[in-house]
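Those letters in the sequence shown? Residues 0 to 163, by numbering that gives the first Met the number 0.
Notes to accompany the following structure.
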Amino acid sequence: MPITIVGNITNDPELRFTPSGAAVANFSVAVDERRRNAQTQEWEDAGTSYYRVEAWRSLAENVAHSLRRGTAVVVTGEQTIEVYERKDGGTGTSVRVRAQSVGPDLRYATAAVTRTSRQGGGWNAPSGEGPRAPQTPPAADHLVGAGVEDPWSAGTGRLENPPF
């Protein structure tokens with residue numbers, strides 16, 4: 000189901016690579032809900048919803064190099080809802096968005112747009128602008144450990160249904 004969310008990034012995007020070298024960035028976005036009170040005709044806070052966002056390939060690399068925790072963003076993509084079993088035995092739900100586009104919300108910031116170039120599949124800042132990311136992905140073993148689940152640990156080294 001297509002969705003557009005507008006909110007604030009709650010954690011620095013985490014950039015990882017699949018064993019085949021595809022980049023994936025994961026981050027969360029908090030969206031403050033507002034509703035109009037039918038009786039008072041005033042807008043009221045109605046809580047906060049949290050969305051887990053994943054971006055793939057060049058979008059993943061650009062997100063990881065451009066956005067940080069606290070950045071106001073606009074995200075469009077495909078929404079999925081996952082039901083899972085909590086540690087206490089109950090069930091929970093998680094809303095995920097597979098991002099198609101991500102950008103800063105220019106109501107709260109300004110942005111200088113710089114085109115990226117692709118050389119060897121990695122991210123490159125234009126000459127003289129900022130650090131360069133490695134041109135070859137780091138070893139896949141950096142994905143495991145420190146409490147990070149490896150989504151490609153099925154043993155095949157391949158995603159069952161890659162989003163590309």
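Think of the CB as a built atom: it goes at the ideal place given N, C-alpha and C, for glycine as much as any other residue.
This structure is a prediction, so every number in the text was calculated from the model and none was measured.
(request) Any chance you could list the beta strand (DSSP E) runs of at least 3 consecutive residues sitting entirely within the stretch 61-94, in chain order? (result) 71-84
(request) Quick one: residues in its chain with C-beta nearer than 7 Å to the C-beta of residue 82, no 5 flanking neighbours on either side, listed in chain order? (result) 90, 92
(request) Could you work out which residue in 71, 115, 84 is closest to residue 106 when comparing CA atoms only? (result) 71
(message) For a quick check, are the C-beta atoms of residue 4 and residue 96 less than 8 Å apart?
(response) yes
(message) Quick check on residue 84: buried or exposed, where buried means 16 or more other Cβ atoms within 10 Å of its Cβ?
(response) exposed
(message) For residue 64 and residue 108, I'd like the C-alpha separation in whole angstroms.
(response) 17 Å
(request) Alpha carbon to alpha carbon, how far is residue 56 from residue 39? Give it in angstroms, no decimals. (result) 47 Å
(message) By the DSSP assignment, the beta strand (DSSP E) with residue 7 in it spans what residues?
(response) 1-8
(message) Rounded to the nearest angstrom, what separates residue 167 and residue 53 at their Cα positions?
(response) Residue 167 lies beyond the stretch modelled for the chain, which goes from 0 to 163, so this question has no answer here.
(request) Measure the alpha-carbon distance for residue 19 versus residue 58 and round it to whole angstroms. (result) 17 Å
(message) Check for me: the beta strand (DSSP E) holding residue 50 runs from which residue to which?
(response) 42-55
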